[in-house]
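>
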Amino acid sequence: MATIEPLEVIQWNEKHLSAAKHDLLSSAASNISLSELLDISEDRKQSEKALSLSELKLKENDSGLGNVELRNNLAALYSARSGGVTENDIIITNGSAAADYTVFSALLGPGDHVICQHPVDELLYKIPASLRANVTWWNADPVKKWELDIEELKTLIRDETKLIAIQNPCDPTGAIVSRPILEALVEVAEEKGITILADETYRPLFHSILPSDDDFPPSTINLGYKKVVVTGAVSKAYGLAGTRTGWIATKDRTILDTCRKFRRLQSTIASTLDEVVAAEAVSDRCIHALLARNIKLCQTNLNLLQGFVEEHSWSCSWVKPRAGTTAMLKFHKMGKPIDGISSSKTASTAWEKLRQTDISSLSTAPDDGQSRVELYGYITSHRPGRGFDFIQLVDPRLELAVQVIFPHSVSAAKVAASPPLRDETDAEEPGAKRKSSDKDSSEEQPSIFRAARPHTPIRISGTIVRRLTPPKKDQQQAASEKYDTTQRGKPTNTIRTLDPYVGDIDLISHVEIRADSYKFLNGVPSDLTAKCDTVFPPESRHLQFRTDSDLRRRIRLRSRLAGKIREHMLRNDFDEIETPLLFKSTPEGAREFIVPTRKRGLAYALPQSPQQYKQVLMASGIWRYFQFAKCFRDEDLRADRQPEFTQLDLEMAFASSADVMAAVEDLLIHAVWPNVPDIAPLQTSSLTTSFEAKSADPEYQNLAFPQMTYDTAMTRFGSDKPDTRLESAIRRVDQWLPSNMKGMVTSLDDPIMEMVKINMQGCGPADSQKFVTAFLEASPTARYTNDSARIPGVAVFDPLKPLHGLASFGHEGAAKVEEEFEPEPGDILILYSRDDKPFTGGSTVLGDLRRDIYQYAISEGLIPAPSGFCALWITDFPLFSPTEESEPGQGGSAGICSTHHPFTAPKQGQDLSVSMFKKNPLSIIGDHYDLVINGVEVGGGSCRIHREFMQEFIFREVLKMDPERVKHFGHLLRALRSGCPPHAGFALGFDRLMVILTNSASVRDVIAFPKYADGEDKFAGAPSPITRDQLATYHLVAADDRVPASGSSAKVSRKA
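Numbering (UniProt numbering) for the sequence shown: 1 to 1056.
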C-alpha cells in the first residue's frame, strides 16, 4: 500500500474552520461572480455570448488537451514577451493539484531524487514522496528575504536527481524566485539534464514588484531551456477558486506526451463548464481588469497586514511578501515560536510531539501502527510494579515529564540493554532475554532501574500510548506560588506538579510511553542526594541549577529577553558591534582590573565600559551602535554589584539626550515588558501620581516616563534613585520648630531641618514605637545612628497622647506637622538635619533612613511591599563633584572629578564660560540622565562631548589631569578632531534589570556563575594563586602585604 503523508494545512483547516470567527487561511484572491466578470469586461456583449451557458454543448474535447480557446489564451500569456509557446504545448487539468500530480507521476519512479524549494506548498514535496521518490529540501533563508542559494543547490544534486521543483510566486511566503536566480537555476539544470517543474499558480499576481525591476521573474518556460514544465490555475491569482481549471505547459514534446498519457488514466477531459469560464477570464476582454482588481485587493490587504505587524512587532515578525496572496508571519513569545494549534507531526522536538499527541488516535496497548518516539532525559523517580517498572522521565530542559512503563519481559531482539552503571556506560550491548513467570515477575527479576539514582541521564525508545490512570492526587503537588500563573496558555494535557528532584514541571497527563529499549548515558554517585529542599553551596552551582526550577526560569528568561532586545535594536537600525575586552588603563572613575603581558612593564586593562570605543564608532560613521557588553570594575561587592557585569550599551549619532531616552523607553515598553510573563505593567507619566514629576525642560516633554531633576530628587526623597511608590516625601521644617528642638538633635551651625513621614498603614502607635526603637538599635553602623554631630528626632503620632505625641515640636510646630503631613495613628515622623550646602553624592542621611526604615518595616511584615513598576528619569546632575579619599577618580589635582565620567557634556542653556568652569565648576549642570525603576538605578547615559578642544579643556584645565594622563586619551581626541558628530548614549544594567523583572534579592540570582562577597567565583575557585613561574613570565614580583602602596590615596566621586 502506498504511504501518503497527510496534508497538514488542509487537515488543520478542516478541523478548525467551522469554529473560526474569521478565515485568514484562504489563499485565493477574492472570488468573483459571473456578473462581476461581465461588469469588468472590455466587450460585455462578446463576453455575454461566450458565457451563454444555454447555448453551450457539453461535449467531449476531441484532442484530449482541453478547450482550444482556453489554451490559446494561456499561450498568449506565456508568449507576451517571447514567442514559442502555442496551444499545442498546453494540457488542461482539473486544477493545479492535478497538474502537479500528473507531472510528478509521469516523470518519477521509486528511488528517483527530487529537490524541492522550501518552504513551499506541501503538495510539491508530499506528492513525490508518495510515489516513493526521495525528496531533499532546498531551503530558502528568511534572513535573506527567502532568497534561494544556487551554490547550495549544487551540493544537493545527486546522480539520480531527476527533477527540481519550485513555486514562483511562493506559497506561503509570498516571495519570488528572482530572474537572476531563475537563470542560474536553468544553467545548472541544463548542465545536468534535470527537469524543472515550476508551479506558477500565483502568477501573475505581482503586487510589490514591477516588470521593469531587474529581479522581476519571467515565466520559467521562457528562459530557453526545453526541459521546463510549468503548471498553473485560475483559482488563486484570478479569483476563480470554484472553477477547477489548471494546466501544464512545456515545450518538450516527450514530456508533454507522457503527461497527456498519464492524464488519460485520471480523466479524459476537464469540465467543459469550467473551461469556458476560465477561457473568458483569461481572454483579452477580461484579464487586464481582473488582474488589476485582484492586485489592488492584495495591496490593500497587505497594507492592513503591515500595520498589524508593525503595531505588534514585539510579538510577530515577517519578510514582506512581493507577490501572490499569502504571507508568512512568525509569532513569538519570550523568544519561543508560538503554535496556536499545531499537529504533533510538526512539533519541534520529540517531547513537544508527545505533549501535542491527539489521544483519539491512540489505543491503550502498544501496536506497530502507533506513534514511536525516542526520548532523552533524566530519571527522577522509579516505582516497581507487578511485571513493570514505572519511571518518571524529565526532559533535557527540566520542564516536561512523562511516565514511562518498562515491561520486565522484553524480547531480546528489541532491547538495547545497558551495562551496569559503572565507568563502561558508553558501551551498548544486546541484553539477554529475561526469564519471568506469570506469578510474580517483579520479585524474581530485580529491576535494573532500582540501581539508577535520580538525575541519571538516559535514552528511551518506545511507543506512545494513552494513559488510562491519571496522575495521583498526591503527585499533583502545588507548584511554587510565585509561578502559579505560568499555567496560563499551557496545553490542557499537562498538569503543574512539583518533582522533588528538579522542581516545578509540567507532567504530561494524557499519554505515557511503553518502552522497549533504553540506554543509561551516565551514572550518579550513591553518596549524592540532589533534591529541591537541599541547600547547595556555591561550589555546587550545577546542582543548584538541576534542583531549582526558579533559578532555571530566571536564567532562561534572561536569555530570551536578550534575544528580543537584539531583535528590537536591529529592527530599529542599530548595528551590533563588539568592542575589545583587552583595553588600556585610562582614568574613567573606578578602579580597573589590570592584565599583565609578557612585555616588561606593559599591561592591558579590562574595560570599565565600552565608552571610549563607542564614541570612536560615532566618529567613524556608525549611526547607531549597541552591544551586550561585559564590563569590569574592581569595586567592593554589594547585592546589586559584581566585579564583572553585563550592560546593554548603546550610542546614537546626531542625537540628543531626549532621543536616546525615547529609544530606551521604546525598548522597555515594546521589547522587554511584553516578553515577561504575567508582569505588572510599567507605569508611565500618563498615570496619576501623588507628586509632580515632569521636567520643565521642553526637550523632554514627549517622553513617556516622568522626569525629575537631581536636586528635586535629593530634596524630596533624599536619593538620586528614589522609589516613588513609597511616596513619603521629605519636607523642610526649619521655621516650624522651636530653637531648643534644633539643639536637641544637631550641633551643626545653621542647619537645614527636614522631616519625613513613614506611613505605617494602620499599625498601632505602640507597635510603631516598639518597631522604630528596634530598628534604630539594629542599625548601629548606619550613618544616621553613628554621627556625633546629629541624631534623628523620632515621634510616633498617637491621638491619645498630649499634642498627639508631637509635644517635642512645641504647640505651633505640632499643629503645623499635623496640617502638612496629615499623619494617621501609628505613623512615624522623623526629623533630621543637614548642612546648608549643595547636594553631592547619591543620597542624604535622611534619604538613607527613609529607605532603610521602609525596608525594615516590610521585612517585619508591618506594611506590605509596594507593588507595580514605576519608571523615572533623573536629570540635571552636577557635571562635577568633590573627590573623596577612597578610590580613583580621574586623578586630577583640582579636588573635583566628573560625576558621571569625563566625557559627559555640560547641558546647554547655562553659563558655560571659561571663568565659570574655572571658578565655580560644581555649579555646572551635566547633560546626564539616569533611569530609575522602583528605587534601583537600572541605567545611565549622557550627551557626550564631541569636540576635541572641549574634551581636552575638561581634562587639562578643569580636572587638572597630569599631561601624561591626558595622553592616555589621545586615541579619543584624534577621533573627535576628525569631524565627530554630536552623539549621546546609554548603558542599561542588564543584571539589575533582570533582578527587577524577576523580583530577585540579588544580581547573583540572575547570573549563571556569579561572584560572591569576596569577589570569588566559588564554583571554579577563581581567582587562583599565581605561581612563581607565572610571576616570572609576566615580569611581576609579589610585594609583601606590609609594604604600603606607592603614591597618594586614590580619589573618586561619590557618584562614580
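Built from N, CA and C at the ideal position, the CB exists for glycine as well.
1. For the beta strand (DSSP E) holding Glu651, just list the boundary residues, first then last.
2. Quick check on Ile221: buried or exposed, where buried means 16 or more other Cβ atoms within 10 Å of its Cβ?
3. So for Leu123, helix, strand or coil by DSSP?
4. Name the one or two DSSP bridge partners that Glu147 has.
5. Can you find the residues in the same chain that come closer than 7 Å, C-beta to C-beta, to Leu305, ignoring five residues on each side of it along the sequence?
6. In the structure shown, what three-state DSSP assignment does Ala479 receive?
7. Could you name the residues of the same chain whose beta carbon sits closer than 7 Å to that of Cys286, not counting the 5 residues immediately before and after it, in chain order?
8. With distances taken Cα to Cα, identify the nearest neighbour of Ala165 among Tyr1012, Ala129, Ile1026.
9. Here's a check: name, in chain order, each residue in its chain whose Cβ is nearer than 7 Å to the Cβ of Ser178, leaving out the five neighbours to either side.
10. Ordered along the chain, which non-local residues of its own chain (more than five positions away) have a Cβ less than 7 Å from that of Asp575?
11. Report the option in Trp146, Asn139, Asp159 whose CA atom is closest to the CA atom of Leu153.
12. In terms of alpha-carbon separation, which member of Arg790, Tyr784, Thr586 lies closest to Pro967?
13. If you measure between the beta carbons of Ile758 and Asp827, is that distance less than 8 Å?
14. Measure the alpha-carbon distance for Thr195 versus Asn134 and round it to whole angstroms.
15. Rounded to a whole number of angstroms, what is the C-alpha to C-alpha distance between Val1037 and Thr597?
16. Comparing C-alpha positions only, which one of Gly805, Ala857, Leu872, Pro792 sits nearest to Arg834?
17. Taking DSSP as the reference, what is the three-state secondary structure of Ala19?
18. Do Trp314 and Pro677 have their CB atoms nearer than 8 Å?
19. Around the Cβ of Glu122, are there at least 16 other Cβ atoms within 10 angstroms (buried) or fewer (exposed)?
20. Looking only at C-alpha atoms, which of Phe969, Ser609, Ala662, Leu507 sits nearest to Arg633?
21. Output the distance between the C-alpha atoms of Asp199 and Gly64, rounded to the nearest integer angstrom.
22. How about the stretch 697-706 and the stretch 911-927: do they share at least three Cβ pairs that are nearer than 8 Å?
23. Who are the Cβ neighbours of Phe645 in its own chain at under 6 Å, not counting the five residues just before and after it?
24. At a cut-off of 7 Å, is Ile925 close to the ligand SAH when judged by its beta-carbon and the heavy atoms of the ligand?
25. Is there contact between the stretch 713-721 and the stretch 830-846, where contact requires at least three CB pairs shorter than 8 Å?
26. Let me know if Asp141 comes out buried or exposed under the rule of 16 or more other beta-carbons within 10 Å of its beta-carbon.
27. Taking the alpha-carbon positions, what's the Met994 to Asp112 distance?
28. Decide if Leu1031 is buried, meaning its Cβ has at least 16 other Cβ atoms within 10 Å, or exposed.
29. Out of Tyr784, Cys763, Pro823, Val277, point me to the one whose CA is closest to Leu862's CA.
30. On the criterion of 16 or more Cβ atoms from any shown chain inside 10 Å, does Glu754 qualify as buried, or is it exposed?
31. Within 10 Å of its beta-carbon, does Asp533 have 16 or more other beta-carbons around it, so buried, or fewer, so exposed?
32. Quick one, which of Leu156, Arg158, Tyr225, Gln167 has its alpha-carbon nearest Ser187's?
33. Going by beta-carbon coordinates alone, are Ile565 and Pro454 separated by less than 8 Å?
34. Going by the beta-carbon positions, is the gap between Gly928 and His971 smaller than 8 Å?
35. Could you spell out where the beta strand (DSSP E) holding Trp318 opens and where it closes?
36. Report the CB separation of Val502 from Ser549 in whole angstroms; it is logged as a contact under 8 Å.
Put simply:
1. 644-653
2. Answer is buried; the Cβ neighbour count reaches 16.
3. helix
4. Asp141
5. Ala327
6. Its pLDDT being 45, under 50, Ala479 is placed unreliably by the model, and the measurement read from it follows with that caveat. Residue state, collapsed to three classes: coil.
7. Leu37, Ile40, Ser41, Ser47, Glu280
8. Closest option to Ala165, Cα to Cα, is Ala129.
9. Contacts found: Asp215, Pro217.
10. Ile622, Arg624, Tyr625
11. For Leu153, the nearest C-alpha among the options comes from Asn139.
12. Residue identity differs from the one stated: residue 967 is Lys in this sequence, not Pro. Taking only the C-alpha atoms, the option nearest Lys967 is Thr586.
13. In this structure, Ile758 places its C-beta atom within 8 Å of the C-beta atom of Asp827.
14. 15 Å
15. The straight-line gap from Cα to Cα measures roughly 14 Å.
16. Pro792
17. helix
18. no
19. Label assigned to Glu122: buried.
20. Ser609
21. Computed Cα separation, rounded: 22 Å.
22. The answer is no - the stretch 911-927 does not touch the stretch 697-706, with fewer than three Cβ pairs under 8 Å.
23. Cys631, Asp991
24. Ligands in the displayed structure: none, and consequently the ligand SAH is not present.
25. yes
26. exposed
27. 54 Å
28. When all chains shown are included, Leu1031 counts as exposed.
29. Cys763
30. buried
31. exposed
32. In the sequence as displayed, the identity of residue 187 is Glu instead of Ser. Nearest option by C-alpha distance: Tyr225.
33. no
34. Correcting the residue identity first, residue 928 is His in this sequence and not Gly. No.
35. 316-318
36. Contact check for Val502 and Ser549: beta-carbon distance about 7 Å, within the 8 Å limit, so the pair qualifies.
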